[in-house]
Structure formats: structure tokens, C-alpha cells
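Engineer:
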Amino acid sequence: MHIHPPSPNPQHVHTYIVTSNMAGAHRKVCELLYHTRRRSTAALNNVVSLMRSLSGSYAQHHVKERVARWRRALAGRLSPRLGSLLVHVAYFLAVSWLGYLVLAQLRFRAGGEGTRRPGAIDLFFTAVSAATVSSMSTVEMEAFSNGQLLVLTVLMFVGGEVFLSLLGLASKWSRLRKQAVSKSRRVEIHHVAELEMPPVAAAGEFDNPTSMTSTAEEEVSKPLDRFDDTRLRRDAVLSLFFVVLAILLTVHVLGAAAIVAYIFHASSSARRTLRKKALNEWTFAVFTTVSTFSSCGYMPTNENMAVFKRDTGLQLLLVPQALVGNTLFPPLLAACVRAAAAATRRVELKETAKEGEVLTGYYHLLPARRCAMLAATVAGLVAVQVAMLCGMEWGGALRGMSAWEKVSNAVFLAVNSRHTGETTLDISTLAPAILVLFVLMMYLPPYTTWFPFGESSGVKDHPTEETKGLRLLKGTLLSQLSYLAIFVIAICITEREKLKEDPLNFNLLSIVVEVVSAYGNVGFSMGYSCSRQISPDRLCTDRWTGFAGRWSDSGKVILILVMLFGRLKKFSMSAGKAWKLS
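Residue numbers (full-length UniProt numbering): 1 to 582.
1) What do you reckon, are the CB atoms on F308 and L317 nearer than 8 Å?
2) Hey, E281 and F293 are a contact pair by Cβ (cut 8 Å); roughly how many whole angstroms apart?
3) Given A375, which residues of its chain have a CB within under 8 Å of its CB, disregarding the five upstream and five downstream residues?
4) What would DSSP say about V562, mapped onto helix, strand or coil?
5) Return the residue from the list L85, L86, D122 and A90 that minimises the CA-CA distance to L559.
6) So, for C530: in the same chain, excluding its five sequence neighbours on each side, which residues have a beta-carbon less than 6 Å away from its beta-carbon?
7) The alpha helix (DSSP H) with V337 in it runs from where to where?
8) Can you name, in chain order, every residue of its own chain whose Cβ lies under 6 Å from the Cβ of S457, other than the five neighbours on each side?
9) Would A131 pass as a contact of S96 if the rule is Cβ separation under 8 Å?
10) Which of helix, strand or coil does DSSP assign to F242?
11) Are the beta-carbon atoms of A256 and A236 separated by less than 8 Å?
12) According to DSSP, simplified to helix, strand and coil, what is F524?
13) Below 7 Å CB to CB, which residues in the same chain sit around K406 once its five sequence neighbours on both sides are set aside?
14) By alpha-carbon positions, which one of P320, L481, G523 and K500 ends up nearest to M573?
15) Provide the residue(s) that pair with F144 in DSSP beta bridges, ordered along the chain.
16) Skipping 5 residues on each side, what residues in its chain have a beta carbon closer than 7 Å to that of K350?
17) In terms of alpha-carbon separation, which member of A379, E495 and K570 lies closest to L323?
18) Pull up the CB-CB distance for L169 and F241, whole angstroms please, since I reckon it's below 8 Å.
19) Which residue wins for smallest C-alpha separation from W386, given the options K570, I434, M401 and A372?
20) Between the Cα of residue 586 and those of E348, K569, W579 and E514, spot the shortest distance and give me the residue it belongs to.
21) Could you have a look at V200 and say whether DSSP puts it in helix, strand or coil?
22) Note down the Cα distance separating L150 from F287, rounded to an integer number of angstroms.
23) What are the complete alpha helix (DSSP H) segments, minimum 4 residues, inside the stretch 276-304?
24) Please report the distance separating the alpha-carbon of F438 from that of S417.
25) Verify whether the separation of the beta carbon atoms of Q148 and L98 is less than 8 Å.
26) Give a yes or no on whether 8 Å exceeds the smallest Cβ distance from K172 to chain B.
27) Hey, quick one: how far does the alpha helix (DSSP H) through D122 stretch, first residue to last?
28) Please classify R369 as buried or exposed, where buried requires at least 16 neighbouring CB atoms within 10 angstroms.
29) Measure the alpha-carbon distance for E388 versus N409 and round it to whole angstroms.
30) Please report the Cβ distance between F451 and M373, rounded to the nearest whole angstrom; I am assuming they are in contact, meaning their Cβ atoms lie under 8 Å.
31) In angstroms with no decimal places, state the Cα-to-Cα distance between G566 and L274.
32) For A104, which residues of its own chain have a beta-carbon under 6 Å away from its beta-carbon, when the five flanking residues on both sides are left out?
33) CB-CB under 8 Å to E218, same chain, minus the five flanking residues each way: which ones, in chain order?
34) Measure the C-alpha to C-alpha separation of T423 and P300 and round it to an integer number of angstroms.
35) Quick one: residues in its chain with C-beta nearer than 6 Å to the C-beta of S552, no 5 flanking neighbours on either side, listed in chain order?
See the structure below:
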């Protein structure tokens with residue numbers, strides 16, 4: 001018997017087909033969702049990375065833009081004078097610190113300073129004193145080796161006013177050159193714009209030729225006029241740079257050669273003195289020339305020029321260098337500029353001789369009348385000092401010399417009281433009236449002039465926009481005398497114990513002379529003598545250093561600030577006007 005299989009239920013078949021179709025659809029949906037999620041994740045990662053890069057570049061650009069905006073705002077708020085002051089402060093601090101580091105690394109002369117190595121504060125004090133051409137001393141000069149004397153020579157040279165003004169001329173020439181290049185580019189761009197003018201505009205202009213010439217020529221002529229002025233000013237500054245450089249090199253070369261020739265051929269006593277002190281003649285000549293012309297006053301001998309007080313020839317060789325390096329530099333410069341203009345007939349030199357500071361902005365290039373009155377003022381002040389020295393010290397500090405030697409020493413001392421500081425006499429032995437006169441001479445700026453005429457200078461102070469902060473700062477500045485009084489008070493506080501215990505050495509007049517000498521960058525000092533002690537100290541030994549060599553470290557730091565303040569006093573000469581005394 002044949003058995004047939006049961007026939008499938010149609011309902012079951014339909015259910016199976018639907019179920020399998022749903023499973024396939026579900027699987028496809030899952031795969032679609034998976035691929036979609038992967039692609040969206042990758043796209044999201046790309047978007048995030050792109051946003052990060054964009055945000056980073058935007059942030060970097062934003063920071064750069066903000067920094068540039070701050071710089072522009074700062075440049076607008078800070079006056080050029082304040083910026084120049086900050087540059088000078090940084091320059092002197094950097095030069096002094098570098099000089100200190102080199103001095104500390106080099107060997108000292110054997111047996112110098114009683115075999116005692118100077119302290120760090122004394123070395124830094126010496127470096128600052130040389131860089132600011134102050135010649136205040138806390139270390140005996142014969143303690144320094146030839147290498148250290150060379151370092152001091154470099155410090156005095158780069159700290160001198162003439163060398164610094166030379167750097168200023170170079171900087172000004174570079175700035176004018178950049179301005180000329182930028183203006184010439186603007187003129188070229190303007191010409192290109194004129195050539196590429198649209199035809200419609202050109203037709204309109206041709207319809208009215210008068211309008212064309214009145215607009216195009218005016219627009220082009222203004223930049224060209226300014227360009228020509230800038231070019232003349234730039235050429236004048238460059239020519240003046242070479243004139244000042246020639247003066248600087250000529251004085252140093254001729255001065256050193258003259259001193260060496262004098263020592264070898266005219267002064268056997270000076271030659272014996274240098275050999276006794278183991279000083280090379282050329283080292284002495286170069287060091288002395290640089291020190292004298294830069295108005296520093298350092299000498300490679302412990303006694304300064306006192307060891308040459310009978311050598312009138314050497315004194316008369318140094319007097320002209322001291323004058324042309326300081327008070328009489330403007331008359332010498334004006335004469336050299338006029339001579340160069342007459343010899344070369346260059347337009348910029350002729351204009352420089354005619355316009356002077358108006359054209360070049362060079363502080364030392366004074367008008368002819370001012371130069372003449374400056375020379376007369378210098379001669380008058382020197383004559384007053386010579387008369388007082390000869391009248392009051394003829395039988396005192398000058399005794400034992402011939403009449404010519406007395407006059408020569410008086411002239412040498414009078415010339416050096418105006419910012420150079422070399423001395424052939426012991427300042428502490430002079431009459432108090434002469435000391436007060438020296439304090440006045442040291443306080444006066446180098447270009448102090450009796451000028452009873454109206455100012456004819458074309459330099460005008462253009463009003464500048466100042467912030468409230470700058471106006472407030474200017475209003476709170478004190479006068480020069482006020483700052484000197486503050487410094488004297490501060491030193492009296494730091495040295496109060498010595499003022500009580502040793503009043504003959506530590507007295508107010510000695511401190512005032514030291515402070516004003518540091519402020520005027522002169523170098524005169526009352527010194528210190530163990531014989532003046534009220535309670536003699538057996539361990540006390542006399543040293544060939546200035547009075548500041550016996551001060552505490554705090555007092556020396558204050559005097560360092562005084563030297564820096566005095567070297568930069570030209571930036572605050574007009575301070576204190578906001579204070580009304582009546």
C-alpha cells in the first residue's frame with residue numbers, strides 16, 4: 001500500500017516566507033545602519049579636525065593681530081623720548097654687566113690691592129663707572145692687569161657721548177633710508193594707478209584738462225617733495241656721520257701718538273714713572289687719550305695725574321682733549337662741518353652748515369652764535385676757577401711748585417672740573433669755597449651757555465597727544481636738585497654709623513662732593529685718610545681709591561644709581577615744572 005506524504009499547509013508556507021523576508025530586511029537595515037554610522041563617524045572626525053585646524057589658525061591669527069594692535073597702541077602711547085630713554089638704560093646696563101663679567105674673569109696684577117681680590121660689588125661699580133664715564137673708584141687702578149685696562153678702555157670708549165651720538169646718527173640714517181624706500185614705492189604705485197586708469201574716467205579727464213593737471217600733479221608733487229626732503233636729510237645725516245667719525249678717530253690717533261712722542265722724546269721723568277709702575281707707554285697713552293676725550297677721568301696710575309703734577313707738558317697735551325671731548329665739542333664740530341662744506345661743496349654739507357640741528361636733528365650741532373657764546377662761557381668759567389685757585393691756594397695746595405707749574409695745575413684742574421675729573425692735587429686739601437665752586441661746576445650741564453639773545457633755532461616742539469598716564473608721570477617728576485637731595489639723604493642713612501664714629505672723613509660736604517661728582521660724571525672725590533680718624537684704627541691702611549671705596553655696599557649701590565641717573569640726565573632736564581614754589 002502506497003502512502004502519500006501529507007501536503008504542506010498553505011498558511012505555514014506563507015508564514016515562513018514572511019519570516020525569512022523580515023530577517024533579510026532586518027539584516028540589511030542593520031548593515032545599512034552600521035555603514036551609515038561608520039561613515040558619519042568618519043565625516044564627523046573630519047569635520048572636528050577641520051574645525052580644530054580652523055580654530056587654531058584663527059586663534060593664532062587673532063593672537064598675532066592682538067599683539068600687533070598692542071604694539072601699535074604702545075608705540076602710540078610711548079613718546080619717542082621715553083623710548084630713547086629705555087634704549088639708553090638697556091644699553092648702559094648691558095655694557096656694564098658685560099664689562100663686569102670680563103673683568104671678573106681676567107687676572108689681576110700680582111700684588112695689587114694688597115693681594116686682596118676686589119669684591120663683586122666693587123668690580124661692577126668700576127664697570128658702571130667706566131661705562132658711564134664717571135671715574136668713581138673703589139679699586140686701586142694699579143691692581144688691574146693690562147688686559148683689564150684694555151677692557152676699561154673699551155668701556156670708556158663705547159660709553160662716551162661722541163660715540164653714542166655716532167650710533168644715533170647711524171640709526172637715524174637707517175630709518176630715513178627706509179622711509180625713502182617706502183615713499184618711492186608709494187610714488188611708483190601712484191604712477192601705475194594713473195597709467196591703468198579706466199577709459200571712462202580718462203575720457204572725462206580729457207574733457208577737462210585743467211582738472212587733470214590740478215589733481216594728478218598735486219597728488220604726485222606732494223610725495224615727491226617729501227621724498228626730496230627725506231633724501232636731503234638722509235644725505236646730510238650720512239655726511240655728518242662721517243664728519244663725527246673723522247673727529248673721533250683723528251683725536252684718538254693724534255692724541256695717543258702725541259702722548260707717546262712726548263714721553264719718549266720730551267719727558268724722561270714721565271718715562272721713569274711709567275717704568276717704575278710697570279706700565280707700557282702705549283697702554284698709558286691709549287688709555288689716557290680715550291679716558292680724557294670721553295670725559296671719564298680714569299688714569300692707569302693710583303694717584304691719577306698727581307704723579308705728573310710737575311709735568312706741565314703732559315697736562316697741556318690733555319687739556320685740549322678734555323675740552324673738545326666735552327664742552328667745546330659743538331664749536332669744533334661746527335667748524336669741521338663748515339670746512340668740509342667749503343672743501344667738497346656738497347649740497348647736503350652746505351645745508352647742514354646752514355640749518356644744523358633743524359636738518360639733521362643732531363643735538364650737538366649748535367648754531368654759530370650759540371657755539372661762539374658757548375666757547376666764551378667755557379673760557380669765562382675756567383678763568384674764574386683759575387683765579388680762585390691761584391688766589392686761595394698759591395701758598396697752600398700749590399706750594400713747592402714754580403709759578404708756571406702753579407698756573408698749569410690750576411688750569412688743568414679748572415678744565416677737569418667740568419665733567420672730566422682728572423686731578424693733579426688732593427681735592428680734600430682745597431679751601432671749602434673752592435670745593436663749593438667745584439660742586440657748582442660739576443652740576444652744570446656741559447653746554448651751559450650765557451646767551452642773552454633770543455633763540456633763533458627753527459626746531460619747534462610740536463604738540464603731541466599724550467595719555468593721562470604720561471601727563472601724570474610728567475607732573476610727578478622732580479627737578480634735578482630734588483633727586484640729588486634724595487640721594488644725599490639716602491647715603492646719609494646708609495652711612496649713619498660712620499658719620500657718628502668718623503666725622504672728619506664722613507661729613508656732609510664729602511658726601512655732597514661725591515654725589516654731585518657721580519651725577520656730573522666727573523670723578524672728583526675727597527678720598528679717605530686714616531690720619532683724620534678721631535679714634536685711630538691700627539688696622540686702617542690708606543688706599544688710592546675714592547671716598548666711596550669706604551662706603552657700605554648699600555651706599556655703593558646708591559652711587560651706581562646716581563652715576564646712571566647722571567649719565568641720562570639729558571632726558572629729565574626739563575622735569576619739575578609742575579611744582580610751583582609760589
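Glycine is no exception: its CB is placed at the ideal position from the N, C-alpha and C atoms. On a predicted model such as this, the values are computed, not experimentally measured, just so you know.
Structural biologist: Reading it off the structure:
1) no
2) Going by Cβ atoms, the distance from E281 to F293 rounds to 18 Å, so no, they are not a contact pair.
3) L328 and P331
4) helix
5) D122
6) C540 and D542
7) F329 to T344
8) With a pLDDT of only 46 at S457, under 50, the local geometry of the prediction cannot be trusted, and no value is derived from it.
9) yes
10) helix
11) no
12) coil
13) C390, W394 and L398
14) L481
15) F108
16) A341
17) A379
18) 4 Å
19) Looking at the sequence itself, residue 386 is Val, so the reference to Trp does not match. Of K570, I434, M401 and A372, the residue nearest in Cα terms is I434.
20) This structure leaves residue 586 out entirely; the chain is present only between 1 and 582.
21) Bear in mind that the predicted position of V200 carries a pLDDT of just 43, short of 50, making it unreliable; the figure below should be weighed with that in mind. Of the three classes helix, strand and coil, the one that applies to V200 here is helix, per DSSP.
22) 8 Å
23) 281-293
24) 6 Å
25) no
26) Any reference to chain B falls outside this structure, which holds one protein chain only.
27) A120 to A131
28) exposed
29) Reading the sequence as shown, one finds Met at residue 388 and not Glu. Their Cα atoms are separated by approximately 13 Å.
30) 5 Å
31) 33 Å
32) L123
33) Residue confidence for E218 is low, a pLDDT of 39 falling below 50, so the modelled location carries little weight and cannot support an answer.
34) 13 Å
35) T494
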